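A short worksheet on the structure shown next.
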Amino acid sequence: MATVRDTTYDLLRSLGLTTVFGNPGSTEEPFLQDFPADFHYVLALQEASAVAMADGYAQATRRPAHVNLHTAPGTGNGMGNLVTAWHNRTPLIVTAGQQSREMLLLEPRLASPRATELAQPYVKWSHEPVRAQDIPAALMRAYATAVQPPTGPVFLSLPMDDWQQPSDPPPQLRTVATRYAPDPRRLREFAEIVAASRTPALVFGAAVDRSRAWPAAVDLAEKLHAPVWSAPAPERASFPEDHPYFRGVLPYAIAPLAEALRGHDTVLVVGAPVFRYYPHLPGTHLPDGARLLHVTDDPEEAARAPVGESLLGDPGLTLDALVDLLPVTDRPEPATRTAPDPPRAGLPLTADALFATLARHWPADGVLVQESPSNLAALRRRLWIRRPASYFTMASGGLGFGLPAAVGIALAERDTGRRRPVVAVIGDGSFHYSVQALWTAARLRLPLIVVVPVNQQYAILKAFAALKDTPGVPGLDLPGVDLTALARGYGCAAVVADTPETLGDTLATALLADRPTVIPVPIDPEIPTLL
């Protein structure tokens, strides 16, 4: 007779979930015993890294990923990156072990008394099956929930004594819709408003990339002769940044954002929140006289927008429809964005000089993963993203995602056969949040490059302190850390690059390597302005 475990593994195979990310604990061992040869267990040394690796893998493969966590303590370890997966809209199937049902009333060691509440509110669905036999059907429901818009993580708590119980017949393998089209009447209203606009502006967000809609975004901009902005603090790039209509990333504060859009009478936002703010700089959300139209596949995102009118629909399908509906315009083309001035020469390198060098050596099909908040403006100023699915970061604002996510993305590039080079830019503060991910990259011999701007401080927090006039904050300096020793200790190559020439040579060598390379780059510790 088939067991619950047998039926579950058969379902996982059918769903394509044969890669499992995790760090095994005692409550997971009954599920993991006699691990099937056709499955791949990706071992992370800490649960936060496992969640972010699965996140990166899911985004790069464009398929859900399975991450298996320990009971309450392990789920707690993974929560920071589960928050990021929620904001990233990543479809993750998160399973966690639970103590034996026969002992749960006693709340023994490693029991999770309120397991379904632990991951909330950062999952779409959280469940602990009432019967062992319900596990496969619960997994099917979890999968269907994760992949439907808005996509996101789900959570299952699974008691460790359930796996050897006799199974019910397997659940039906089902497919579900993953995109929906906009309401035709509402769509025509939006098209009429945009067509009548004198000076429209387009704001694109990460969902444009998730829906593979770069071509439609370009077609719409060129048909409208409208400048294009990236939504504030984007987790993915949504438009070719070398296009003459591209204007850059909007500031993530209320007053500066409205000022950036001054002069436009209609602002069409597609695939992004309205808006993702962080420092509170009050003002009006839009310039005087401007009207905002919002296209999103997330009803909650539409409901919480402070201004504008919403249209629910898949961003890609909506952009395609708008291109068809809108007439050719006689508006003048927007002015071309001016290139930044050359970076200041000298040593130590400025952040601008570092990223200008990186841009000169950037592989045409490279994938950038970034988590260097204090240097982000310089990075986006110097290194332009030109291809879809080529830029990944955290939408949550929480650190510890970038390095393990880059490992997951590099693994996805290998598993899919695309083998695009992956380069992570991780600040020396962010580097330590999930540094254990280097071990996994080394064990898997992933050709990952990790560039670490070293300023020996939490410079982003110093910039925020300057903005908010909060002097004397402790704990903002990070002296005395040997990054090369850490990287080599985890099995990676490591080379300090303190000049443009050394950085260029090291990048060229690392792009040909068959294992990860960490490149610390000392930079000027000047504190950037936050906005």
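The sequence shown runs contiguously to residue 768 in this note's numbering. The beta-carbon is built from N, C-alpha and C at its ideal position, and this holds for glycine as well. Computed from a prediction, not measured in an experiment: that's the story for all the values here.
- Straight across, the Cα-Cα distance linking N318 with G634 is about 10 angstroms.
- Distances from the alpha-carbon of P569 to those of A463, L523, P762 put A463 closest.
- Its Cα nearest to that of V367, the residue Q335 stands out among R416, Q335, R346.
- Using a C-beta cut-off of 8 angstroms, the stretch 537-549 makes no contact with the stretch 445-463, since fewer than three inter-stretch Cβ pairs fall below that distance.
- Note on T298: 16 or more other CB atoms within 10 angstroms of its CB, so buried under the neighbour-count rule.
- Annotated as proximal: K460 and V565, with beta-carbon spacing under 8 angstroms.
- Taking all protein chains shown into account, A558 has 16 or more neighbouring C-beta atoms within 10 Å of its C-beta and is therefore buried.
- Beyond the five residues adjoining it in sequence on each side, A285 comes within less than 7 angstroms, by CB distance, of N314, G315, G317, N318, G637, S671 in the same chain, given in chain order.
- Remark: C-beta atoms of P373 and T573 do not approach each other more closely than 8 angstroms.
- Under the three-state reduction of DSSP, V511 is assigned to coil, being neither helix nor strand.
- Taking every protein chain shown into account, the CB of H517 has fewer than 16 other CB atoms within 10 angstroms, so this residue is exposed.
- Taken through DSSP and simplified to helix, strand or coil, F592 comes out as helix.
- Remark: C-beta atoms of T240 and P403 approach each other more closely than 8 angstroms.
- Residue pairing for A302: DSSP places it in a beta bridge opposite L329.
- Counting only residues of its own chain and dropping the five nearest sequence neighbours on each side, D735 has a CB closer than 6 angstroms to the CB of P759.
- Nearest Cα to P757 within the set L648, L586, L768: L586.
- In the three-state reduction of the DSSP assignment, W621 falls in the coil class.
- Here G293 is near F629, since their CB atoms are less than 8 angstroms apart.
- Under DSSP, H669 forms no beta bridge with any residue.
- When T312, T677, L675, P684 are compared, the shortest CA-CA separation from R656 is found for P684.
- With contact defined as three or more Cβ pairs closer than 8 angstroms, the stretch 727-742 and the stretch 701-716 are not in contact.
- Annotated three-state conformation of V718 is coil, per DSSP.
- If you draw a straight line from the Cα of A722 to the Cα of D371, it is about 48 angstroms long.
- Residue state for S467 is assigned as strand, using DSSP reduced to three classes.
- When rounded, the separation of the alpha-carbon atoms in P328 and G583 is 45 angstroms.
- Taking C-beta atoms as the reference points, M290 and G645 count as a pair closer than 8 angstroms.
- Under the rule that a run must span 3 or more residues, the beta strand (DSSP E) segments found entirely inside the stretch 405-446 read 437-441.
- Taking 8 angstroms as the cut-off, the beta carbon of D534 is found no closer than this to the beta carbon of D561.
- Note on the stretch 667-702: whole beta strand (DSSP E) runs with a minimum of 3 residues are 685-691, in chain order.
- Apart from sequence neighbours up to five positions away, the residues of its chain that approach L424 with a beta-carbon distance below 8 angstroms are L548, G550, T555, A558, L559, L562, ordered along the chain.
- Following the DSSP letters along the chain, one finds E738 inside the alpha helix (DSSP H) bounded by residues 737-748.
- In the DSSP assignment, G259 falls within the beta strand (DSSP E) that extends over 256-259.
- Annotation: the continuous beta strand (DSSP E) that includes I663 extends over 659-663.
- Each of S475, R351, A433, Q409 was checked against the Cα of S394, and the nearest Cα belongs to R351.
- A734 sits in coil when the DSSP states are folded into three classes, being neither helix nor strand.
- Contact between P600 and L748 holds, since their C-beta atoms are separated by about 6 angstroms, short of 8 angstroms.
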